[in-house]
Amino acid sequence: GDSVTQMEGPVTLSEEAFLTINCTYTATGYPSLFWYVQYPGEGLQLLLKATKADDKGSNKGFEATYRKETTSFHLEKGSVQVSDSAVYFCALSDLGAAGNKLTFGGGTRVLVKP
Amino acid sequence: ETGVTQTPRHLVMGMTNKKSLKCEQHLGHNAMYWYKQSAKKPLELMFVYSLEERVENNSVPSRFSPECPNSSHLFLHLHTLQPEDSALYLCASSRDLDGWNEQFFGPGTRLTVL
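In order, the protein sequences belong to chains L and V.
No gaps in the numbering here: position 19 of the first sequence is 19 in our numbering, and each next residue is one more.
Offset between the second sequence (1-based) and our numbering: plus 1000.
Below, the structure is given as structure tokens:
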């Protein structure tokens, strides 16, 4: 079945540091890939997405590129802020499956210190 | 009010109680979802509804009973729960079941079963 693996946290960084969160996936079909973010006390929000190989999703300074050859969708940000402290989830939606089913990774908690 | 709302935000119940979680979406979407978020486990999809019809039930115990009276409302009825059912229950909606469509999440109900 489908699965998503992402690095375990917590990841602790200083403000303005470079952030990378690794994500790899396995899927039977042709998935769309997503990064969701969960701020404390809130639900998940879509951060960015990519729907086909070599697509790059970007939002709020975050980027991720859909790499089919390495089945990866790593999240990067060049200069993090304290407000980026949150839990980040990598997810896939497999178009071969019945309906819009998101398979999530375990989440990576990021803490940015001033 | 916009987006996806959930009530109550926090719930404490005993194992013999019966309670219900409510989700409402104001986005005009046709698909709604229940997820369970437990500590140190990936998000688990519980139920999927499309146009008020259940299209997915991921082997969820019968002590969880969903109800979707219309495309804007989704309930999760709870009875005789176990302490291991304590978790954050997230509701989401999407325009339809197409894998490209973003899922919008509510803030969740934090459930504690004593």
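Virtual Cβ for every residue (Gly too), placed ideally from N, Cα, C.
It should be emphasised that the depicted structure is a prediction, and the values quoted were computed from it without experimental measurement.
Residue of the options minimising C-alpha distance to residue i
i	options	result
ALA17 (chain L)	L:LEU111, L:GLY78, L:TYR88 and L:ALA91	L:GLY78
HIS1077 (chain V)	V:ARG1009, V:ASN1017 and V:VAL1004	V:ASN1017
VAL112 (chain L)	L:ALA86, L:SER93 and L:THR103	L:ALA86
MET997 (chain V)	V:GLN1037, V:ALA1039, V:LEU1051 and V:LEU1081	Here chain V comprises residues numbered 1001 to 1114, so residue 997 (chain V) is not present and cannot be evaluated.
SER1065 (chain V)	V:HIS1010, V:THR1112, V:SER1020 and V:VAL1012	V:SER1020
SER1093 (chain V)	L:GLU8, L:TYR88, L:LEU44 and L:PRO31	L:LEU44
SER58 (chain L)	L:GLU76, L:LYS68 and L:THR70	L:GLU76
SER1050 (chain V)	V:GLU1102, V:PHE1105, V:ASP1096 and V:THR1112	V:ASP1096
LYS1036 (chain V)	V:HIS1079, V:GLN1025 and V:ASN1058	V:ASN1058
LEU13 (chain L)	L:ASP84, L:GLY41 and L:LEU102	L:ASP84
ARG48 (chain L)	L:VAL110, L:VAL37 and L:ASP94	Note on residue identity: the sequence assigns Leu, not Arg, to residue 48 (chain L). If we check each option's Cα against that of LEU48 (chain L), L:VAL37 comes out closest.
LEU1027 (chain V)	V:GLN1103, V:PRO1008 and V:PRO1107	V:GLN1103
GLN1025 (chain V)	V:HIS1073, V:THR1007 and V:MET1013	V:HIS1073
LEU102 (chain L)	L:PHE62, L:GLU63 and L:LEU46	L:LEU46
ALA1031 (chain V)	V:HIS1079, V:SER1071, V:GLY1106 and V:MET1013	V:SER1071
ASP1098 (chain V)	V:HIS1029, V:PRO1008 and V:PRO1083	V:HIS1029
Rounded straight-line distance, which links the Cα of residue j to that of residue i
i	j	result
SER3 (chain L)	TYR25 (chain L)	6 Å
LYS56 (chain L)	LEU1114 (chain V)	46 Å
GLY1003 (chain V)	CYS1091 (chain V)	11 Å
VAL82 (chain L)	SER1062 (chain V)	43 Å
ASP1085 (chain V)	LYS1040 (chain V)	14 Å
GLY105 (chain L)	CYS90 (chain L)	5 Å
ILE21 (chain L)	VAL80 (chain L)	13 Å
LEU1088 (chain V)	MET1046 (chain V)	12 Å
VAL1060 (chain V)	VAL1048 (chain V)	12 Å
GLU1053 (chain V)	THR70 (chain L)	38 Å
VAL11 (chain L)	GLY107 (chain L)	11 Å
LYS60 (chain L)	PRO31 (chain L)	23 Å
ALA53 (chain L)	ASN1101 (chain V)	17 Å
ASP94 (chain L)	GLU1056 (chain V)	15 Å
GLY1 (chain L)	LEU1043 (chain V)	16 Å
TYR1033 (chain V)	THR1005 (chain V)	13 Å
TYR88 (chain L)	TRP35 (chain L)	7 Å
CYS23 (chain L)	HIS1079 (chain V)	37 Å
GLY1108 (chain V)	TYR39 (chain L)	12 Å
Bridge partners - residue i, DSSP secondary structure assignment
i	result
TYR25 (chain L)	L:VAL4
GLU76 (chain L)	L:THR20 and L:GLU63
SER1065 (chain V)	V:HIS1077
VAL82 (chain L)	Paired residue(s): none; VAL82 (chain L) is not in a bridge.
ASN1057 (chain V)	V:PHE1047
ARG109 (chain L)	L:VAL87
SER32 (chain L)	L:SER93
Cβ shell of residue i (< 6 Å), same chain only, five flanking positions each side left out
i	result
LEU33 (chain L)	ALA50, TYR66, PHE73 and LEU92
HIS1010 (chain V)	ARG1110
GLY9 (chain L)	THR108 and ARG109
Closer than 9 Å at the beta carbon, the chain C residues around residue i
i	result
PHE1105 (chain V)	Absence of chain C from the displayed structure is noted, the protein chains being L and V.
Close-in-space but distant-in-sequence residues of the same chain around residue i (CB under 7 Å, 5 per side omitted)
i	result
PRO114 (chain L)	GLU15 and VAL82
Spatial neighbours of residue i in its chain, beta-carbon cut-off 8 Å, leaving aside the 5 residues before and after
i	result
PHE1075 (chain V)	SER1020, LEU1021, LYS1022, CYS1023, PRO1066, GLU1067, CYS1068 and PRO1069
GLU63 (chain L)	LEU48, LYS56, GLY57, LEU75, GLU76 and LYS77
- prompt: Listed from N- to C-terminal order along the chain, which residues in the region 34 to 54 of chain L have their beta-carbon within a distance smaller than 9 Å of any beta-carbon of chain V?
  reply: PHE34, TYR36, GLN38, GLY41, GLU42, GLY43, LEU44, GLN45, LEU46, LYS49 and THR51
- prompt: Which residues, in order along the region 1043 to 1070 of chain V, keep a beta-carbon less than 8 Å from a beta-carbon of chain L?
  reply: LEU1043, LEU1045, VAL1048, SER1050, VAL1055 and GLU1056
query: For the region 1013 to 1030 of chain V, which residues have a beta carbon sitting closer than 8 Å to at least one beta carbon of chain L?
result: none
Positions along the region 1068 to 1096 of chain V whose CB lies within less than 7 Å of some CB in chain L: LEU1090 and SER1094
query: If you measure beta-carbon to beta-carbon, which residues of the region 57 to 88 of chain L are closer than 9 Å to chain V?
result: none
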